[in-house]
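Take a look at the structure below.
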Amino acid sequence: MALEKFVDSLPIPEVIEPVSQINGVDYYEVVMKQVEQKLHRDIPETTVWGYDGVYPGPTFEVRTNVPIKVKWINDLPVEKHLLPVDKTLHGAEPPNPEVRTVVHLHGANVPMDSDGFPEAWFTNNFEQVGPFFTHKIFNYPNIQPATTLWYHDHAIGITRLNVYAGLAGFYLLRDECEDQLNLPRGKYEIPLVIQDRSFNEEDGSLFYPSQPDEPVPVFPSIVPEFFGDKILVNGKVWPFLEVEPRKYRFRFLNGSNSRFYKMRLSSGQPFIQIGTDGGFLDSPVVINELTLAPAERADIIIDFAGFAGQHITLTNDASSPFPDGDPVDPDTTGQIMQLRVVLPQSGDDTSSIPAVLCNSEKPTEQEAIRTRNQPLIEAQDQFGRLLLLLEGLMWFDPITDRPELGDTEIWNLINPTPDTHPIHLHLVRFFILDRRPFNVEHFLATNEVIYTAPAIPPDPNERGPKDTIRANPGEVTRIIARFGDFTGIYPWHCHILEHEDHDMMRPYEVVEEMEE
Ligand code: C2O
Ligand code: CU
Ligand code: CU
């Protein structure tokens with residue numbers, strides 16, 4: 002039976018309050034719990050994992066340069082994961098416990114011991130901890146410009162399952178520049194996390210495959226990627242939101258495991274993008290279509306003035322896998338949510354869209370002291386399954402990338418595979434320089450890059466600070482970053498979570514500056 006769309010109103014996650022202060026610093030506690038939650042009017046209650054017992058978790062509202070402390074507590078089932086665990090994957094092998102968690106604040110400039118390193122996992126009540134676990138309370142210094150961050154689980158080998166089970170939430174960082182912009186705020190500012198899920202119809206439980214369609218000699222086995230057939234926003238399947246005929250600010254986050262979205266508004270009106278993953282654009286960019294890969298964010302203004310009475314659908318037209326896989330089903334995965342311009346306007350809309358936003362410090366190519374070639378490579382694992390690698394190496398191979406603290410580097414993300422991979426670096430915000438087509442066959446045979454066309458500049462709405470970038474097939478995507486503000490070991494990986502868990506993740510280390 003087809004599920005009726007737009008019957009549930011969009012939930013807005015609660016803002017979390019600190020429980021106390023430690024040495025004058027706000028201190029929060031968040032408990033991960035297994036709970037039953039109604040995800041659609043006509044789906045029986047679904048068992049999910051939620052931070053503070055809700056999926057998605059509560060929203061953090063924090064200020065730049067005002068640190069906070071968070072104790073993430075695992076009160077999840079001890080023995081058995083909610084979803085099928087593949088114990089052949091890195092870090093998921095016995096005797097490591099099935100249920101492990103560690104929280105990563107995605108996009109944050111944080112010390113390594115609070116980054117949520119995949120091997121810093123812990124179990125219920127901290128009974129067991131991973132080799133990189135150091136302490137229970139994480140410190141978030143918030144030393145970066147205002148932006149939309151998000152937190153999600155990052156435990157080695159089961160990140161895809163923990164996030165799919167519901168472990169994700171927003172972390173909104175604000176600063177003085179943002180205060181002065183006079184953007185829509187309060188009830189006119191709404192975070193939207195878009196995720197796809199499938200359900201077992203009988204009982205409403207989450208469906209996640211136990212093995213790929215092509216049989217493999219491992220059970221349960223990871224799948225090359227996973228695409229759900231229902232689209233959820235803030236934890237509801239195809240919700241609706243009632244709005245006033247005025248400007249709203251939406252914090253879009255693609256929180257899906259593998260699915261990309263190419264979004265439009267059925268009214269034909271544009272999105273006005275003001276920010277990217279890591280902060281504001283220099284000035285607003287008007288777009289008719291918004292593409293987001295897993296983990297990418299977009300800070301968007303939509304002006305509903307003049308649309309009173311309309312029911313506007315937010316649609317999706319991104320193939321899966323992206324960009325050349327199966328098209329969406331216009332009746333299901335082709336729709337995300339509905340915006341109903343039915344509320345009376347409760348006063349004049351005094352918010353504005355300033356022509357100049359907040360500008361971010363961009364490193365220049367001249368400052369780069371090193372360029373690293375980082376190929377994205379398709380290989381096979383010992384069971385004959387597709388294995389995607391960075392630099393041709395696995396997570397547990399020795400570290401090969403060691404930028405010195407403060408160094409600016411250019412990374413060439415060389416993608417000879419047929420899919421777009423959203424590449425994410427922890428710790429830093431980077432900028433995209435350009436993308437350039439190259440001869441894939443020649444590269445696969447010789448490891449040499451021969452460009453076949455001129456470089457393509459980033460899209461205007463990609464020119465702000467990024468932490469996750471689409472590395473398109475057949476292109477070298479060049480990004481530039483200044484490495485800091487901390488030394489230590491951090492991951493970089495593909496944010497298609499099925500890829501990340503199956504070795505498309507590498508550690509890199511920021512090392513102390515060497516004396517000349
Ligand atoms: Cu959102 Cu290492 O990731
Ligand atoms: Cu991250
Ligand atoms: Cu990937």
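The sequence shown: position 261 = 262 (the working numbering), numbered continuously.
Think of the CB as a built atom: it goes at the ideal place given N, C-alpha and C, for glycine as much as any other residue.
This structure is a prediction, so every number in the text was calculated from the model and none was measured.
Counted as a single uninterrupted DSSP element, the beta strand (DSSP E) harbouring residue 27 occupies residues 26-38. In the assembly as shown, residue 111 is a buried residue. Its beta-carbon has 16 or more other beta-carbons within 10 Å. Straight across, the Cα-Cα distance linking residue 504 with residue 57 is about 26 Å.
In this structure, residue 495 has its beta carbon less than 8 Å from a heavy atom of ligand 3. If the five residues before and after residue 417 are omitted, its C-beta is found closer than 6 Å to the C-beta atoms of 441, 444 and 445, all from its own chain and listed in chain order. Of the residues 279, 63 and 292, the one whose Cα lies closest to the Cα of residue 272 is 292.
Nearest Cα to residue 4 within the set 165, 13 and 233: 233.
In this chain, the alpha helix (DSSP H) harbouring residue 163 covers 160-165.
For residue 377, the Cβ falls inside the 8 Å cut-off from some heavy atom of ligand 3. Contact between residue 461 and residue 194 is ruled out by a C-beta separation of about 25 Å, above the 8 Å threshold.
Around the C-beta of residue 41, 16 or more other C-beta atoms lie within 10 Å, and the residue is accordingly described as buried.
Contact between residue 19 and residue 9 does not hold, since the beta-carbon distance rounds to 31 Å and is not under 8 Å. Those residues placing their Cβ nearer than 5 Å to any heavy atom of ligand 2 are, following chain order, 107 and 427. Within the region 72-159, the runs of beta strand (DSSP E) at least 3 residues long that lie entirely inside it are, in chain order, 104-107, 138-141 and 148-154.
Taking C-beta atoms as the reference points, residue 123 and residue 103 count as a pair closer than 9 Å. Under the three-state reduction of DSSP, residue 359 is assigned to coil, being neither helix nor strand. In the three-state DSSP reduction, residue 304 falls in the strand class (E or B). Counting only residues of its own chain and dropping the five nearest sequence neighbours on each side, residue 211 has a CB closer than 6 Å to the CB of 85 and 221. DSSP places residue 180 inside the alpha helix (DSSP H), whose first and last residues are 177-180. In this structure, residue 485 and residue 393 do not form a Cβ contact; the two beta carbons are roughly 27 Å apart against a cut-off of 8 Å.
When rounded, the separation of the alpha-carbon atoms in residue 467 and residue 129 is 35 Å. With a cutoff of 9 Å on beta-carbon distance, residue 100 and residue 73 are scored as not near each other.
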